[in-house]
Amino acid sequence: MKQFLFFDLDGTLTDSAEGILNCVKHALDLQNWPYPDEENLRRFIGPPLIDSFQHITGMTEKQARQAVRDYRARYSVDGLFENRVFDGIPEMLADLQKAGKHCYMVTSKPEAYSIRIADRFGLTPYLEQICGATLDGKMDKKEQIVHMALERAGNPDPSVVEMIGDRLHDVVGARKHGIDCTYVLYGFGSRAEAEEYQAAHIVETVDDLHAFLFNL
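Number 215 marks the last residue of the sequence shown (numbering that gives the first Met the number 0); no jumps.
Dropping the structure here:
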């Protein structure tokens, strides 16, 4: 039985595309940098921002660090609330909590922002821990956040932990610690990506996830 459930935030618990993409465009505008096409813009959702500004737009590290600062200046005020919880998520978390599952948020988004989002959208009562990145960039990789979550959980055996996410970073970050990942297709990834990175399980909808995790 999986006792600890580690949920990604963006694309798994909430649809955060509007706020993230608005803030990316804001940061690019301030440096007069052209926007990537829509497909590449959506690649900003999930991975660490510093990596995305460099790899997707071609910015230097210095330019990317400035873009992250500009992004966060808008995100901390407006962007984090340009967001919505996927239908059925609160009910799922409540049922899992009643069943004795330990639900954690495990996200590459800064922890300070993640806490505010969980509070604003009513998710905090269902989460035992909210584990996120540091604002200084010293800890922002998914495998680092998973490691921190495991420590906060008391270092349970990986066999009783399941990661739930919507991108390759969730699969890879969990695997680094011997943890299986359930990949959700209602988020920002794709079945092709889930299969390429060999996610342990793939589910299509929140209802499917609810039923699957309840019996996991």
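All residues carry an ideal CB built from backbone N, CA and C; glycine is no exception. No experiment lies behind these values; they were computed from the predicted model shown.
Practice task
Would you check if the distance between the CB atom of Asp-94 and the CB atom of His-209 is smaller than 8 Å?
Solution key: yes
Practice task
Output yes or no for whether 8 Å exceeds the beta carbon distance between Val-160 and Tyr-196.
Solution key: no
Practice task
Reducing DSSP to helix, strand and coil, say where Tyr-196 ends up.
Solution key: coil
Handout entry: Separation of Glu-127 from Asp-86, as counted between CA atoms
Key = 21 Å
Problem - Own chain, CB closer than 6 Å to Gly-302, minus 5 neighbours either side, in chain order - result: For the chain, the structure presents residues 0 to 215; residue 302 sits outside this window and is missing.
Problem - Backbone CA spacing between Leu-92 and Leu-212 [nearest angstrom] - result: 10 Å
Problem - Beta-carbon proximity list for Ala-63, same chain, < 6 Å, skipping 5 on both sides - result: Ile-49, Phe-52, Gln-53
Problem - Burial state of Val-23, where buried means 16 or more other Cβ atoms lie within 10 Å - result: buried
Handout entry: Backbone CA spacing between Glu-194 and Leu-167 [nearest angstrom]
Key = 10 Å
Exercise for the section: Give every residue of the same chain whose Cβ lies closer than 8 Å to the Cβ of Ile-46, excluding the five residues on either side of it in the sequence, and list them in chain order. Expected result: According to the sequence provided, residue 46 is Pro. The question's Ile does not apply to it. Here the set comprises Ser-107, Arg-166, His-168.
Exercise for the section: Quick one: residues in its chain with C-beta nearer than 6 Å to the C-beta of Arg-42, no 5 flanking neighbours on either side, listed in chain order? Expected result: Ile-55
Handout entry: Cβ neighbours of Asp-179 in the same chain (closer than 6 Å, five flanking residues each side left out)
Key = Glu-161, Ala-199
Practice task
Please list, in chain order, all residues of the same chain as Asn-21 whose beta carbon is under 7 Å from its beta carbon, the five residues on each side excluded.
Solution key: Gly-78, Glu-81
Handout entry: Per-residue DSSP class, three states only, for Ser-75
Key = coil
Practice task
May I have the straight-line CA-CA distance separating Phe-5 from Ala-132, to the nearest angstrom?
Solution key: 15 Å
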